[in-house]
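In our numbering, the protein residues as written are 5 to 71.
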């Protein structure tokens with residue numbers, strides 16, 4: 005989470021030539037041994053959409069569910 009938040013913060017604080025200020029949303033998840041690539045990407049993708057729905061320009065972490 006902290007690395008994602010640092011990336012988001014740096015992007016927000018820097019001006020970009022031709023476009024000016026931009027922001028980003030980041031979705032992250034913890035990958036467990038029993039995860040498939042698909043399940044981990046789906047969780048991270050769901051976290052990203054949650055970040056966008058909550059107002060954008062934020063980092064959201066989604067933990068692996070125990071089965």
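Positions of the beta carbon are idealized from the N, C-alpha and C atoms, including for glycine.
In the DSSP assignment, the beta strand (DSSP E) including residue i goes from what residue to what residue?
i          : result
residue 26 : Taken as a continuous stretch (DSSP letters only), residue 26 belongs to no beta strand (DSSP E), as it is neither H nor E.
Excluding sequence positions up to five away, which residues of its chain have a Cβ less than 7 Å from the Cβ of residue i?
i          : result
residue 5  : 32, 63 and 65
residue 51 : 31, 32, 33, 64, 65 and 66
Please go through the same chain and pick out, in chain order, the residues whose beta-carbon is closer than 8 Å to the beta-carbon of residue i, but skip the five residues on each side of it.
i          : result
residue 8  : 30, 32, 63 and 65
residue 46 : none
Can you grab the Cα-Cα spacing for the pair residue i / residue j, in whole Å?
i          : j          : result
residue 48 : residue 22 : 30 Å
Cutting at 6 Å between CB atoms, please list the residues of its own chain near residue i, excluding the five before and the five after it.
i          : result
residue 43 : none
residue 61 : 27
Assuming residue i and residue j make a contact with CB atoms under 8 Å, what is their CB distance in whole Å?
i          : j          : result
residue 19 : residue 25 : 6 Å
Exercise for review: Enumerate, from N- to C-terminal direction, the unbroken alpha helix (DSSP H) stretches of 4 or more residues contained entirely within the region 36–64.
Suggested key: As far as the region 36–64 is concerned, its whole alpha helix (DSSP H) runs of at least 4 residues are 41–57.
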